[in-house]
Structure formats: structure tokens, C-alpha cells
Amino acid sequence: MYWEQSLETLDRSSLEKLQIERLTNSLQLAVRSSHYGRCPAIGRLLDSGIKSIEQIRDLPFTTKDDLRRDFPWGFLAADKKDVVRLHSSSGTTGNPTVVYHNRHDLDSWANLMARSLYAAGVRETDVFQNICGYGLFTGGLGFQYGIEKLGCLSIPAGAGNSPRQIKLMRDFGTTVAHAIPSYLGRLFDVFKEEDLDPREDTRLHTLVIGAEPHTEEHRRRIEEMFGVRAFNSFGLSEMNGPGVAFECIEQNGLHVWEDAFVVEIIDPDTLEPVPDGEIGELVMTTLDRQAMPVIRFRTRDLTRILPGPCPCGRTHRRLDRISGRSDDMFIIKGCNVFPMQVEGILMKLPEVGDDYRIILQTIEDQDEMIVEVEVKKDWFRGDLTLLDRLQKHITHLIRDEVLVRPLIRLVEPGSIPKAEGKAVRVLDQRRK
Ligand code: COA
Ligand code: AMP
Ligand code: ZN
Numbered sequence: 000m001y002w003e004q005s006l007e008t009l010d011r012s013s014l015e016k017l018q019i020e021r022l023t024n025s026l027q028l029a030v031r032s033s034h035y036g037r038c039p040a041i042g043r044l045l046d047s048g049i050k051s052i053e054q055i056r057d058l059p060f061t062t063k064d065d066l067r068r069d070f071p072w073g074f075l076a077a078d079k080k081d082v083v084r085l086h087s088s089s090g091t092t093g094n095p096t097v098v099y100h101n102r103h104d105l106d107s108w109a110n111l112m113a114r115s116l117y118a119a120g121v122r123e124t125d126v127f128q129n130i131c132g133y134g135l136f137t138g139g140l141g142f143q144y145g146i147e148k149l150g151c152l153s154i155p156a157g158a159g160n161s162p163r164q165i166k167l168m169r170d171f172g173t174t175v176a177h178a179i180p181s182y183l184g185r186l187f188d189v190f191k192e193e194d195l196d197p198r199e200d201t202r203l204h205t206l207v208i209g210a211e212p213h214t215e216e217h218r219r220r221i222e223e224m225f226g227v228r229a230f231n232s233f234g235l236s237e238m239n240g241p242g243v244a245f246e247c248i249e250q251n252g253l254h255v256w257e258d259a260f261v262v263e264i265i266d267p268d269t270l271e272p273v274p275d276g277e278i279g280e281l282v283m284t285t286l287d288r289q290a291m292p293v294i295r296f297r298t299r300d301l302t303r304i305l306p307g308p309c310p311c312g313r314t315h316r317r318l319d320r321i322s323g324r325s326d327d328m329f330i331i332k333g334c335n336v337f338p339m340q341v342e343g344i345l346m347k348l349p350e351v352g353d354d355y356r357i358i359l360q361t362i363e364d365q366d367e368m369i370v371e372v373e374v375k376k377d378w379f380r381g382d383l384t385l386l387d388r389l390q391k392h393i394t395h396l397i398r399d400e401v402l403v404r405p406l407i408r409l410v411e412p413g414s415i416p417k418a419e420g421k422a423v424r425v426l427d428q429r430r431k
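Number 161 in numbering that gives the first Met the number 0 belongs to position 162 of the sequence shown; there are no gaps in the numbering.
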């Protein structure tokens, strides 16, 4: 039933005691970094001693901008020789955000992943196909080490090449797969093209879906298409990646592992805590990461703490599925994108006019990012070969920046509808 019963079912007061102990350790480590070394509030809290986890509110927040500003080493709290891996998040302009891990950190992360998967009913007898980007994306190696720790036969399939994904599933009898929800529509289509039905022609019983927002209805549709149960997996690079919060077999919200993270929900405008049950921005602190502790990270994800205990017996509180963001980041094909990244590229090009807009659409079951770009008058009238070249150039530049190939539409100046007041830069017309 449990991967680590004593920790997963710890009574709330012992859990808070453990959090205080671990937070004290994390802060002692954090001040070794140049970023947190400059923060007097940490010293004050350590000097007075932490008596309640709520005292974390005496510390300042950390933002994605802080991580970028102190790139590349400003948050490193360990000797470089002890660091064994870095990951970096998609979706930043300029410097990426980087997270460093030592051996302890990787082991702790793999353990959280194994615990999460076990809670969703995955067992060592399963064959687990990880259909997710490896490399710097955390969903690749993050899942990989957890799957191995749990003892499943792992298939590190990576993203893309849908016919090959299906062949792998059938050749090796995959029983569990991890993929982002929007890709599963495309995969199902390829099953149909091959005259196959995943319900009949595979041994899949479980899908792990995450890395992007999706609704309960979308989950049910995926379950129906594949004949499986699908479990929501939440994480972010700054808190390792996947393995932060995960649904158990009750499918009633995501247990957030409170022995490894402190969770706060704040009002993104006043920055004050909101009561349990109310939606606000998720703020998280690492409790078991040595090479790079991160304190009160503003995730920008909107969610709420679900009230009441879970019938599974785990005492770690549950988060509701993510309902949005308090900034303008969107996720397409599992890659995070800020409109400013696109704008930064376009505005450097002399041929490009003042306006652009990003339209997200589901085309033949695949989510696509269309970028409409107004081209200056002289260019628009100009030679078609030049326009064609410009279109290809913009496609490459954006693809290199956001890791997804956009469909570029060059349009006449003045043809993008003007919104009253603030320009609407992103139109999300994807099938939800
Ligand atoms: N996961 C897995 N495969 C995906 C995918 C996703 N999120 N999004 C698209 N694909 C597949 C496509 O179906 C296509 O394969 P197929 O034609 O055989 O079906 C192939 O990848 C290339 O698709 P295309 O639309 O041409 O890709 P792109 O150039 O716009 O984007 C990706 C390239 C998909 C490789 C890139 O967006 C990526 O790596 N996404 C995965 C990110 C990820 O795993 N995030 C989770 C982090 S925890
Ligand atoms: P990254 O740092 O690249 O791993 O991206 C992390 C972001 O992906 C989070 O902050 C969320 O916005 C989003 N995300 C991850 N998992 C989920 C999920 N299960 N539901 C909704 N959004 C998610
Ligand atoms: Zn539960």
C-alpha cells in the first residue's frame, strides 16, 4: 500500500517537527550560496530558532527572476566537486534557470518519484515506458531514476516518433506509460491509423499524465481512449521536477510530499496566505536538497489545498489540479513558453512591424503554436522569395528559443485586430 509507510502516514504534528528540523538544515546550507548568504532574515530566523513552520513567512520569496539574475552559480550551496548533475527549465528569456544536484539530492528525488508511482498503483512487475523529453527536461531522467528505484522494467523511449512508441508498447508489453496529456490525442490517432486499438492491442493499465494543465474531463477522455486509469503528476524544475505532488489511487487531488517541501498558498497580489480551500499561488520550499536549497519559490501556479483527509491514509495534504498561472506563461507540447521570448526574437528583426500574436490551436489532434507576425509595408510588398526566407528564419529562431516548431504566418501591417487596452498576445483555442 505504501512505499515508506512511516513517512507517508506520519501524524501531522510529527510531520511539522520533521519539517522544522529539515528547514533548519536547509537554511544552514542555503546561506553558503551567494544569493541566500546576502539575506539577513535567514540569519535572524536561525538565531532565534524555528518553533513553528509558519515562521517561514519571515523569509523573502525567491522568484524565477532571482534565479536568472544570479545565474549560473549564485544559488549553489555546495562545493562544485560534489555536484553531479544540473537540470534547466524551458521557458525563460535570456539566462535559463538551473538547478544543481549532489548524489544525496538525486537519491532523494528518485525516492520521491518511486513513492509517487507506488501511490498510483505502479509496482515492480510493471513495464514502464517514459514518453517524455530526456536531456535537460526533468521528466526524462526524473522519471527514469524513480522507475528504476521502484524496480519496473523501464523503457526510456523519449518524446516523438509515435509509430515507434506503439511498437515498443506492443513488443515489450508496456503496462504503464508517462506522457503529457495533449500528446496522448496524437498517439491515439496513430493507433487508429495503424488500425490498432490501445484497449485491445496493448497491455496498458495505467497512464501517468502531467507537466501541463488539463481538466478532469480531459483525464476521463484519456482513460476512455486507452482503457486505463490516468494519474496526475505535478512538479517543476526548481523543486527537482516530477515527484513533488502526485495522485494516489483515490484520484482525488495530488498528495504533496511535505517531508520534502513546505507548501504555502498565497494571494498573488497581496502576497498574504489564503485560507485552506481557497485558490491562490503555490509557493514552495525544498527541505531535502543539499546542493541547491530554494526558499519560498513563487511557482506562479494557481491551486488550492483540498480540505479533509484522504481515504488512502496518507497524511500529506492534497493539492487540487493546477487551474492556471498568475503570469502569462503557457505550455505547448510539454515546453514552457513566455510570450516575451517570442517578442524578444521578433522585435530584433528589422523586417517585422509592431504587432504579433500567438494562436494556440489543436490541428489534427496535435497542439500547435501559430505566430502571426506583421511585416513592415515595404517588405510585405517585396519579393516572395525574401518573405519565404524570412518565414523560415523566424521559424528557426523561435524553434531554437522555445524548443517547439512554430507555424509562422506573415501578415500585412495593421491586419492583426487591435484589442482595447492591453494587447492580447495569446489566443488559446486548443481543445481542452
Ligand atoms: N511528447 C512526446 N512526443 C511529442 C510531444 C510530446 N509532448 N509533442 C509532440 N510529440 C511528437 C509528435 O507527435 C511527433 O511525432 P509523430 O509525428 O511521430 O507523432 C514528434 O514529436 C515531432 O513533433 P513536432 O510537432 O514536429 O515537434 P516540434 O518540433 O514542434 O517539437 C518536441 C519537438 C515534441 C520533440 C519537443 O516539443 C519536446 O521535446 N517536447 C517534449 C517535452 C517534454 O517532454 N516535456 C515534459 C517535461 S517534464
Ligand atoms: P518545468 O519547470 O519545465 O518542469 O515546468 C514546470 C511547470 O509545468 C509548473 O510550474 C506548471 O506550470 C506545469 N506543470 C507541471 N505539472 C503539471 C500538472 N500536473 N498540471 C498542470 N501544470 C503542470
Ligand atoms: Zn490518498
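Beta carbons: idealized from backbone N, C-alpha and C, even for Gly.
None of these values were measured; they are calculated from a predicted model.
A straight line joining the alpha-carbon of Pro405 with that of Val341 spans about 10 angstroms.
Taking Pro306 as the centre and dropping the five residues before and after it, the same chain places the C-beta of Asp275, Gly276 closer than 7 angstroms to its C-beta, in chain order. Taking the C-beta atoms as reference points, Val255 is found no nearer than 7 angstroms to Leu195. Residue environment analysis places Lys80 among the exposed positions, since fewer than 16 neighbouring C-beta atoms fall within 10 angstroms of its C-beta.
Setting aside the 5 residues that flank it on each side, Val83 is surrounded in the same chain by His100, Asn101, Arg102, Leu105, each with a C-beta closer than 8 angstroms to its C-beta; the list follows chain order. Here the distance from the Cβ of Arg185 to the nearest heavy atom of the ligand COA is below 6 angstroms.
Nearest C-alpha to Thr298 among Gln143, Glu280, Leu286: Glu280.
In the displayed model, Asn239 falls within coil according to three-state DSSP, outside both helix and strand. Using a Cβ distance threshold of 7 angstroms, Leu206 and Val227 count as a contacting pair. Put simply, the backbone Cα of Arg218 is about 8 angstroms away from that of Pro180.
The set of residues whose C-beta lies within less than 5 angstroms of a heavy atom of the ligand ZN reads, in chain order, Cys247, Glu249, Cys309, Cys311, Arg313.
By the Cβ rule, the stretch 344–361 does not count as touching the stretch 162–169, because fewer than three pairs are nearer than 8 angstroms. In this structure, DSSP gives Pro272 an extended state, which the three-state scheme calls strand. Membership of Leu206 in the beta strand (DSSP E) is indicated by the continuous run 205–209. Annotation for Tyr99 indicates a beta carbon at 6 angstroms or more from all heavy atoms of the ligand COA.
If you check the CB distance, Val370 and Ile357 come in under 7 angstroms.
When the Cα atoms are used, Gly120 and Pro241 turn out to be separated by approximately 17 angstroms. When the beta-carbon positions are compared, Leu44 and Asp57 come within less than 7 angstroms of each other.
Shortest gap from the CB of Phe136 to any heavy atom of the ligand COA: under 6 angstroms.
Note that the stretch 177–192 touches the stretch 123–143; at least 3 beta-carbon pairs, one per stretch, sit closer than 8 angstroms.
Straight-line spacing of the CA atoms in Met238 and Asp326 works out to 19 angstroms.
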